[in-house]
Structures are given as structure tokens and as C-alpha cells.
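Right, one structure below, let's go through it.
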DNA sequence: ATGACGATGCACT
DNA sequence: GTGCATCGTCATG
């Protein structure tokens, strides 16, 4: 039986997850499932890598106030902030009560459902390359800016519990990737048990 | 109207 | 490790 999703129409993880301190929310999202419902069926993957973006953090898109691009970050928790960078889109879960504007970037997935759709969407065959980066995984799941603001508790993009117990993940905490400011803050998290699926391993333990 | 700049990915050394 | 394609967004004039 295929792992990852029970049925279409299920609810996402409770909104309370996104009201924890954002670093805790980023840890809690490791081992959950990101699910996109499409006409051709579900596409999903286990969240294995995240990053937190906090208040007063110069790398946070919201750190210089609300703009047209980042307005979703200032909205209610548990919604998807989808933004474009270069040619890619990236997806975040908005954390904290409305107006606070913190978020968790989803950086890598272990593919679960809809792998052939992912291969078609990405135009690559290698399973390990399908979702091992924030721009790769959105492309694999068919997520673009039209889904900005979507409720991750209700869909059509959701974060749900995995349907099997995962055991010990061995959470790794390390520095964030691809930023020029606040680059030393250890606000990236990944599952050591799923290290082969992450975008990049920690350089120093 | 225009210029600077990416929370990237990929090709290449 | 380095270089760069490529374009939406934002700040500025």
C-alpha cells in the first residue's frame, strides 16, 4: 500500500502547530507530509528539511514591512506563502498569529505519492533529485504563485500527518542556505534519518 | 521608466 | 568550489 495520504478531503495538521514558537514549528514540520491535490491525483512527499524566518531577522522577506509580494506572511497562520525567486517558486508555512509575519520554508521532501507526476513536472528521472531543494519540490508538486495564500489545513495544498509512525528522526540543526545576511543563524533543520533526501548536508556537525 | 537584486538550480572547473 | 541564466518585485526618479 502506498504511503503518505489516507484520502482526498482529509484535514491538515491542526493550526496550533503554526502557533508554536516558529523554531519549534520548523522542527515540528519535519516528518509531516506536504500534499498537493491535483486533477490527476495526489502528489506528496515527507518534509525532511525546513528553515525558520523570524521577527527581526534581516533574511525574512517581511523584515522591511508589508509589500505586494509578502502580504500573505502578515496573514493568519497555517497558510502558504509562495514566492518566486529567479526562475523558481518556494513555499513557506506562515507561523504565529496574524500580523507577526514569521514563516517556515520547506526545503526538501522525500517523494511519497505521485512520483511519475513529479518526474513529468520536473523533467528529470532521478528520484533523489526530484524534491531536494525548495524550487525543485514546488515544481515537482506543481505549486506556483497562484497558490499563494492557500490554507494548508484545508487545501488544495495541505500539510498532513504521515500515515505511519516514523520512529526517531535524529533532528539536525544547522545554518540556513542561500542567504547573504544572518547567514550564521542555525535555523535550518533536517532529519538525519532522511539525510539522502535533503538539499545539502551540514558542513560542520 | 528603469536598475538592482535575489530564502535557486544547473553546468562547469 | 565558481559562474550565470533569467524575470518578478521593489525602490527610486
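Numbering (the numbering used here), first residue to last: 203 to 407.
All residues carry an ideal CB built from backbone N, CA and C; glycine is no exception.
{"Check": "CB contact flag (residue 254, residue 228, <8 Å)", "Outcome": "yes"}
{"Check": "Assigned exposure category for residue 388 - 16 Cβ within 10 Å defines buried", "Outcome": "exposed"}
{"Check": "Close Cβ partners of residue 395 (< 6 Å) along its chain, the five nearest in sequence each way excluded", "Outcome": "371, 372"}
{"Check": "Complete alpha helix (DSSP H) runs within the segment 212-293 (minimum length 4 residues, chain order)", "Outcome": "224-231"}
{"Check": "Collapsed DSSP secondary structure at residue 337 in the structure displayed", "Outcome": "helix"}
{"Check": "Local Cβ density within 10 Å of residue 270, reported as buried at 16 or more and exposed below that", "Outcome": "exposed"}
{"Check": "Reduced DSSP category for residue 343 - H, G, I as helix; E, B as strand; rest coil", "Outcome": "helix"}
{"Check": "Under 8 Å between C-beta atoms of residue 392 and residue 251", "Outcome": "yes"}
{"Check": "Residue 321: first and last residue of the uninterrupted alpha helix (DSSP H) it sits in", "Outcome": "317-324"}
{"Check": "Alpha-carbon spacing of residue 400 relative to residue 390, whole angstroms", "Outcome": "11 Å"}
{"Check": "Residue 304 (DSSP reduced to helix, strand or coil)", "Outcome": "strand"}
{"Check": "Residues near residue 300 in its chain [Cβ-Cβ closer than 8 Å; skip 5 each side]", "Outcome": "276, 277, 278, 279"}
{"Check": "Helix, strand or coil at residue 385 [DSSP, three-state]", "Outcome": "coil"}
{"Check": "Range covered by the beta strand (DSSP E) that runs through residue 376", "Outcome": "373-376"}
{"Check": "Residue(s) in a DSSP beta bridge with residue 313", "Outcome": "247"}
{"Check": "Where residue 390 sits in the DSSP three-state scheme", "Outcome": "strand"}
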